[in-house]
Amino acid sequence: ETGVTQTPRHLVMGMTNKKSLKCEQHLGHNAMYWYKQSAKKPLELMFVYSLEERVENNSVPSRFSPECPNSSHLFLHLHTLQPEDSALYLCASSQGQGSDEQYFGPGTRLTVT
Amino acid sequence: GQQVMQIPQYQHVQEGEDFTTYCNSSTTLSNIQWYKQRPGGHPVFLIQLVKSGEVKKQKRLTFQFGEAKKNSSLHITATQTTDVGTYFCAGGATSGTYKYIFGTGTRLKVLA
């Protein structure tokens, strides 16, 4: 499945580094999402963009900064992360309105050292 | 805030046995979605239920939405090794919402 792609697939970064995660969807969808998946915890919604406008910000720390330059691309900028931020970061997209099925990318496995 | 609980957390079954996972919300839902995540993979959409008491079938999978729209279940008949993975429910609080609360998931292992 190549509908939603994410790069990089794996990332190891120190707590003082700055890095970015990239997501691209090729489905013509208008909504894009960032989720965090940690071991033994449910998927946590972080941000939602609809038509490049942020519609959900789920009390995420400011060390995570999203950017949605157009409806096909979504970034998550990371800086001064903590070890507890290590997780699988999943991007998803949906048709445009809420209550649509979400298509997930393969995720970026992030390790903060 | 809204919580979605799923039970059991883990289930090991012999191939050919049936399997059921249950999802319970602390609040009334507008709709519920189900996803499957294979080991090392990403969640893949299975189905969405909207109406009170709705039942939908996909081959060996049967999905139900409770009358009160606060609980849901997924039942697999005669499991196969390809059914291995984690099954998540995701509850939408309001119609048209982008915000889905995911359950903790049920990890299914099928023993051949």
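Protein chains in written order, with our numbering: chain A, 1 to 113; chain B, 114 to 225.
Glycine included, every Cβ here is placed at the ideal spot set by N, Cα and C.
- In the pairwise beta carbon analysis, the region 180-194 of chain B is classified as touching the region 133-140 of chain B: at least three pairs are separated by under 8 angstroms.
- Residue range 10-13 is occupied by the beta strand (DSSP E) that includes residue 10 of chain A.
- Closest option to residue 28 of chain A, judged by alpha-carbon separation, among A:63, A:92, A:65 and A:22: A:92.
- Under the DSSP assignment, residue 73 of chain A falls in the beta strand (DSSP E) whose first and last residues are 73-79.
- Among the bridge pairs identified by DSSP, residue 137 of chain B is matched with B:118 and B:184.
- Of the residues assessed, residue 155 of chain B falls on the buried side of the cut-off, its CB having 16 or more other CB atoms within 10 angstroms.
- Minimum Cα-Cα distance from residue 8 of chain A among the listed residues A:44, A:88, A:55 and A:113 corresponds to A:88.
- Residue pairing of residue 223 of chain B in beta bridges, as defined by DSSP: B:126.
- Within the region 192-213 of chain B, the residues whose Cβ lies closer than 9 angstroms to some Cβ of chain A are 201, 203, 205, 207, 208, 209, 210, 211, 212 and 213, listed in chain order.
- Identification of residues in the region 83-106 of chain A having a C-beta nearer than 9 angstroms to some C-beta of chain B yields 88, 90, 92, 94, 97, 98, 99, 100, 101, 102, 103, 104, 105 and 106, given in sequence order.
- Relative to the Cα of residue 113 of chain A, the nearest Cα in the group A:13, A:31 and A:6 belongs to A:13.
- Here residue 43 of chain A is actually not in contact with residue 49 of chain A; their C-beta atoms are around 17 angstroms apart, not less than 8 angstroms.
- Interface annotation, residue 31 of chain A: in contact with chain B, CB-CB separation under 8 angstroms.
- Inter-residue distance for residue 129 of chain B and residue 172 of chain B is about 14 angstroms (C-alpha atoms, whole angstroms).
- In the three-state scheme derived from DSSP, where H, G and I count as helix and E and B as strand, residue 66 of chain A is classed as strand.
- Taking 8 angstroms as the cut-off, the Cβ atoms of residue 58 of chain A and residue 45 of chain A count as close.
- Judged by beta-carbon spacing, residue 183 of chain B lies within the 8 angstroms limit of residue 141 of chain B, meaning their Cβ atoms are closer than that value.
- Residue pairing by DSSP places residue 93 of chain A opposite A:32 and A:103 in a beta bridge.
- Secondary-structure assignment with DSSP links residue 213 of chain B through a beta bridge to B:205.
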